[in-house]
Amino acid sequence: MSAAKRKKLLAGNWKMNMRLAEIEPFFTAFAAGLDAASRQQVDVLFAAPFTQIQATLAACRARGFAVAAQNVHFEASGAFTGEVSAVMLTDLGVRSTLIGHSERRQYFAETDESVAKKTVTAIKNAMTPVVCVGELLEERKSGSTFEVVGHQVEAVLTAVKNQGPLKDREAFYPGDLTDGLVIAYEPVWAIGTGLSATTEQAQEVHAFIRKVAGEILGNDFAGKLRILYGGSANPGNIAGLLAQPDIDGGLVGGASLKPGDFAAMCITPSA
Ligand code: 13P
Numbered sequence: 000m001s002a003a004k005r006k007k008l009l010a011g012n013w014k015m016n017m018r019l020a021e022i023e024p025f026f027t028a029f030a031a032g033l034d035a036a037s038r039q040q041v042d043v044l045f046a047a048p049f050t051q052i053q054a055t056l057a058a059c060r061a062r063g064f065a066v067a068a069q070n071v072h073f074e075a076s077g078a079f080t081g082e083v084s085a086v087m088l089t090d091l092g093v094r095s096t097l098i099g100h101s102e103r104r105q106y107f108a109e110t111d112e113s114v115a116k117k118t119v120t121a122i123k124n125a126m127t128p129v130v131c132v133g134e135l136l137e138e139r140k141s142g143s144t145f146e147v148v149g150h151q152v153e154a155v156l157t158a159v160k161n162q163g164p165l166k167d168r169e170a171f172y173p174g175d176l177t178d179g180l181v182i183a184y185e186p187v188w189a190i191g192t193g194l195s196a197t198t199e200q201a202q203e204v205h206a207f208i209r210k211v212a213g214e215i216l217g218n219d220f221a222g223k224l225r226i227l228y229g230g231s232a233n234p235g236n237i238a239g240l241l242a243q244p245d246i247d248g249g250l251v252g253g254a255s256l257k258p259g260d261f262a263a264m265c266i267t268p269s270a
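Residue numbers (numbering that gives the first Met the number 0): 0 to 270.
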């Protein structure tokens, strides 16, 4: 499938932000900032904190936006205090989740192994995992970006491969979300720093991720795989990023909390 067939996906990661009372006003402003053409041409997803998911779903359902969790546990139930399972999320109607965000890897001991287990669990539960990968500043400086990112991608996609083909999955989520898996490349040094990767830096890692995905799951899968960029994406730099052949959308932190900014970012790809 050519790049043109990959529908852009703009995902907001609210992280540990957004009070309940802020949600409806956010969506009123956000929807007002979008035009009809963008709504058709771009998939929009919001990753909300667990306790805000129901209110976010209520606001998103009527407006045609999708909702994700920010994490999921790999078991369906059991003695895992403080965790939430995929079946609990799907009970609510949530069909997507971030997995392995760098903040979870950094502060909550998430590993390639747990990321792989969570990803397989999400897929088995007909959820779309948005799997986050990316190198630390030291790793970029020491020239090991491709090794680090390659290893992260390989760990998760090999686990997926060992579970059987993704194409056996039913289609379930807006538009053409491919075979229920999205990868987000988020260089850790670019997250929340205002220091975005350049379009060239991002494109070369995205192309590399697609190559690795092709080696593991085949070129048909890799050609359809949506790879998002995250890290200080904003209304000023998103168009350049999305113009790259292997950048299929954005995973947006800070700017996704500002309805006008995020709406502007969702309009850009269709311009
Ligand atoms: P910022 O857009 O705030 O840099 O955050 C990126 C991110 O971590 C999205 O998951």
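A virtual CB, placed ideally from N, CA and C, is assigned to each residue, including glycine. The structure displayed is predicted, hence computed values, not measured ones.
Proximity below 7 angstroms, CB of residue i to CB of residue j
i: residue 142; j: residue 186; result: no
i: residue 88; j: residue 128; result: no
i: residue 71; j: residue 45; result: no
i: residue 120; j: residue 85; result: yes
i: residue 233; j: residue 254; result: yes
i: residue 249; j: residue 237; result: yes
i: residue 58; j: residue 26; result: yes
i: residue 333; j: residue 98; result: No answer is possible for residue 333: it lies beyond the span of the chain, which begins at 0 and ends at 270.
i: residue 75; j: residue 156; result: no
i: residue 160; j: residue 241; result: no
i: residue 43; j: residue 7; result: no
Contacts around residue i, its chain only, beta-carbon distance under 8 angstroms, and the 5 residues preceding and following it disregarded
i: residue 207; result: 145, 148, 149
i: residue 202; result: 243, 244, 245, 246
i: residue 56; result: 66, 91, 92, 93
i: residue 126; result: 71, 85, 88, 89, 93, 94, 95, 96, 179
i: residue 12; result: 46, 69, 97, 100, 229, 250, 251, 252, 255
i: residue 200; result: 186
i: residue 139; result: 186, 188
i: residue 193; result: 231
Cutoff 7 angstroms; reference residue i; Cβ partners in own chain excluding five residues on either side
i: residue 209; result: 221, 224, 226, 245
i: residue 54; result: 19, 22
i: residue 266; result: 33, 34, 37
i: residue 204; result: 144, 148, 184
i: residue 29; result: 258, 261, 262
i: residue 153; result: 211, 215
i: residue 51; result: 17, 19, 22
i: residue 31; result: none
Spatial neighbours of residue i in its chain, beta-carbon cut-off 6 angstroms, leaving aside the 5 residues before and after
i: residue 5; result: 225, 247
i: residue 239; result: 198
i: residue 49; result: 83
i: residue 100; result: 131
i: residue 136; result: 188
i: residue 73; result: 116, 117, 120
i: residue 162; result: 119
i: residue 124; result: 85, 89
Bridge partners - residue i, DSSP secondary structure assignment
i: residue 266; result: BP columns for residue 266 are empty, so no partner.
i: residue 225; result: 181
i: residue 16; result: In DSSP, residue 16 forms no bridge with anything.
i: residue 131; result: 183
i: residue 72; result: 84
i: residue 250; result: 10, 229
i: residue 46; result: 12, 67
i: residue 95; result: 127
i: residue 114; result: For residue 114, which the question treats as bridged, DSSP gives no partner whatsoever.
i: residue 41; result: 7
Exposure of residue i, with buried meaning 16 or more beta-carbon neighbours within 10 Å
i: residue 94; result: buried
i: residue 9; result: buried
i: residue 77; result: exposed
i: residue 108; result: exposed
i: residue 112; result: exposed
i: residue 106; result: exposed
i: residue 17; result: buried
i: residue 24; result: exposed
i: residue 257; result: buried
i: residue 293; result: The question about residue 293 has no answer here: the residues shown for the chain are numbered 0 through 270.
i: residue 63; result: exposed
i: residue 14; result: buried
i: residue 169; result: With a pLDDT of only 45 at residue 169, under the threshold of 50, the placement of this residue in the model should not be trusted; the figure read from the coordinates follows. Exposed, because fewer than 16 other Cβ atoms sit within 10 Å of the Cβ of residue 169.
i: residue 196; result: buried
i: residue 151; result: buried
i: residue 79; result: exposed
i: residue 235; result: exposed
i: residue 133; result: buried
i: residue 60; result: exposed
Cutoff 7 angstroms: residue i Cβ touching any chain C Cβ
i: residue 33; result: Among the chains in the structure shown there is no chain C, since it carries only a single protein chain.
Any non-hydrogen atom of the ligand GTP closer than 6 angstroms to residue i Cβ
i: residue 11; result: The ligand GTP is not part of this structure, which contains only the ligand 13P.
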